[in-house]
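Enquirer: Numbered according to the numbering used here, the sequence shown spans residues 77 to 405. Please find one structure pasted underneath; my questions will follow.
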Amino acid sequence: MTENNNLVLDEILKCNRKAIAKAITLLESNLPESFEKGQSLLESLLPYTGEALRIGISGVPGVGKSTFIEAFGLFLVNLGYRIAVLAVDPSSELSGGSIMGDKTRMNQLAQHPKAFIRPSPSSGVLGGVARNTREAMIIFEAAGFDIIIVETVGVGQSETLVQSMVDLFLLLILPNAGDELQGIKKGILEISDLIVVNKSDGEYEFQAKKTQSEYKKALNFLPQRNTSWQPQILRCSSIEKKGIENIWESAKKFQKILKHSGELEEKRKIQASKWMWSQIKEGLLSSFKNNPYIKIKILEFEKAVNKGSILPTLAAKKLLDEWGNKKKI
Ligand code: GDP
């Protein structure tokens, strides 16, 4: 490790905000020398990680994610915890704009000395954003943050991605979500550990209670999880700050049960090897696509596939064989 990296390491461990921001920028850079530097920094930070509770939060735009995170985050910092909020926003990849909006969200929390909000990276493919987020998590954990929240929108594959990097996955739903119960993605319910009906206040409260009981019933139809934890359905009002403590109690219970049973450690091990494999896949694909000889061959085979003169499966096999042979030379 370079002397410069050593200094950064010390400052991160002291939770110096400038050093944290600098390290994140370094890891987001695409320059090869930054990659080496960044990876060596991460390696030296690893021994100081693993203690935080990692929570993923998802829900459709408008469900109240930022309002909830602000209320939940302020509740936690008032208990003395340090919290970091990171975002994975696939919309920024698709349109260049972000559904989750700009840095002005969660104003009060953003100004709190015990909180750090990292705006979502505004560019890059989802895989890259996921890598950046995972690496930022390492930095925040080493800096001593107790709770890391990773926020995402219910779009594309971002929920599964986020679920693969957190301990607990919390889904926020709207008070009238019961109406759409038929249409709700079964997959998302299957990965959620806590489902929270937000906006349970005023005129929405009755509807929110109804939705809560409908979801309770719906969960009975899902296959029972082979884990010590069964998903819970709760209600809250992020605006009136009601039900927040209850959610925190459930999250603590979840952590305690899974730690005790060894499932949390196991989950993290599986996540780490999945992460390695996703990096291998990405690396292989990019090395394949960027090989100058293969680049030409891809064009030829693609034309043939489009014309229908060769089947895609055979074309793929031939291309991979060509690549394999090239590598042997
Ligand atoms: P996001 O797009 O999921 O981040 O949602 P926002 O946090 O921006 O909230 C969307 C809208 O819902 C805003 O107008 C909020 O004021 C409102 N909202 C959020 N939480 C609550 C709540 O608990 N109760 C009520 N009544 N409105 C809420």
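Where is the CB? At the ideal position from N, CA and C, for every residue including glycine.
For Gly-220, which residues does DSSP report across the bridge?
Expert: Gly-220 is not bridged to any residue.
Enquirer: Could you have a look at Gly-132 and say whether DSSP puts it in helix, strand or coil?
Expert: Reduced to three states, the DSSP call for Gly-132 is strand.
Enquirer: Would the beta-carbon of Pro-137 be found less than 7 Å away from any heavy atom of the ligand ADP?
Expert: The ligand ADP is absent from the structure shown, which contains only the ligand GDP.
Enquirer: For the beta strand (DSSP E) holding Ile-320, just list the boundary residues, first then last.
Expert: Here Ile-320 belongs to no beta strand (DSSP E); instead the alpha helix (DSSP H) covers 320 to 337.
Enquirer: Hey, Leu-162 and Val-84: beta-carbon distance below 8 Å or not?
Expert: For Leu-162 and Val-84, no; Cβs fall outside 8 Å.
Enquirer: Could you give the residue range of the alpha helix (DSSP H) that holds Phe-245?
Expert: No alpha helix (DSSP H) contains Phe-245, which is instead part of the beta strand (DSSP E) from 244 to 249.
Enquirer: For the candidate residues Asn-367, Lys-328, Lys-365 and Gln-239, whose alpha-carbon lies nearest to that of Tyr-157?
Expert: When only C-alpha atoms are compared, the closest one is Lys-328.
Enquirer: Have a look at the DSSP bridge pairing and note the partners of Phe-192.
Expert: For Phe-192, which the question treats as bridged, DSSP gives the partners Ala-160.
Enquirer: Rounded to a whole number of angstroms, what is the C-alpha to C-alpha distance between Arg-93 and Asp-165?
Expert: Computed Cα separation, rounded: 23 Å.
Enquirer: Quick check: the Cα distance between Glu-325 and Met-213, rounded to an integer number of angstroms?
Expert: Going by the C-alpha atoms only, they are around 23 Å apart.
Enquirer: Return the residue from the list Trp-351, Lys-292 and Arg-301 that minimises the CA-CA distance to Ile-309.
Expert: Nearest option by C-alpha distance: Lys-292.
Enquirer: Return the first residue and the last residue of the beta strand (DSSP E) that Gln-306 is part of.
Expert: Neither: Gln-306 is in no beta strand (DSSP E) and is coded neither H nor E.
Enquirer: Distance check for Ser-385 and Val-242, CA to CA, integer angstroms please.
Expert: Those two C-alpha atoms are separated by around 46 Å.
Enquirer: Do Phe-364 and Ile-372 have their beta-carbon atoms positioned less than 8 Å apart in this structure?
Expert: Cβ distance not < 8 Å, so Ile-372 and Phe-364 don't count as in contact.
Enquirer: Just to confirm before moving on: does the CB-CB distance between Ser-307 and Ser-268 stay below 8 Å?
Expert: The amino acid occupying residue 307 in the given sequence is Pro; Ser does not appear at that position. Yes; because the gap between Cβ atoms is below 8 Å, this pair is in contact.
Enquirer: Compare the beta carbon distance of Arg-311 and Lys-285 with 8 Å and say whether it is the shorter of the two.
Expert: Yes, they are a contact pair.
Enquirer: Inspect the CB distances between the segment 243 to 252 and the segment 132 to 140 and report whether three or more fall short of 8 Å.
Expert: Yes: at least three Cβ pairs fall under 8 Å.
Enquirer: Who are Glu-227's beta bridge partners in DSSP?
Expert: According to DSSP, Glu-227 bridges with Ile-133 and Ala-163.
Enquirer: I want to know whether the segment 88 to 102 touches the segment 111 to 119 - three or more CB-CB distances under 8 Å.
Expert: Segments in contact, yes.
Enquirer: In this structure, what does DSSP give as the bridge partners for Val-272?
Expert: In the DSSP output, where bridge partners are listed per residue, Val-272 has Leu-248 and Leu-310.
Enquirer: Could you tell me whether any non-hydrogen atom of the ligand GDP is closer than 7 Å to the CB of Ser-142?
Expert: Yes, Cβ of Ser-142 sits closer than 7 Å to a heavy atom of the ligand GDP.
Enquirer: In angstroms with no decimal places, state the Cα-to-Cα distance between Ser-354 and Arg-207.
Expert: Answer to the nearest angstrom: the Cα atoms are 10 Å apart.
Enquirer: For the alpha helix (DSSP H) that Pro-368 lies in, which residues bound it at each end?
Expert: Looking at the DSSP string, the run of the alpha helix (DSSP H) that includes Pro-368 is 368 to 383.
Enquirer: Does the distance between the C-beta of Asp-243 and the nearest non-hydrogen atom of the ligand GDP fall short of 7 Å?
Expert: Flag unset: Cβ of Asp-243 not near the ligand GDP.
Enquirer: Over the uninterrupted alpha helix (DSSP H) stretch that includes Gly-263, give me the two end residues.
Expert: Gly-263 -> alpha helix (DSSP H) spans 262 to 267.
Enquirer: With respect to the alpha helix (DSSP H) encompassing Gly-114, which residues constitute its N-terminal and C-terminal limits?
Expert: Looking at the DSSP string, the run of the alpha helix (DSSP H) that includes Gly-114 is 108 to 121.
Enquirer: Taking a contact to mean a Cβ-Cβ separation below 8 Å, would you say Ile-224 touches Leu-121 in this structure?
Expert: Cβ atoms of Ile-224 and Leu-121: not closer than 8 Å.
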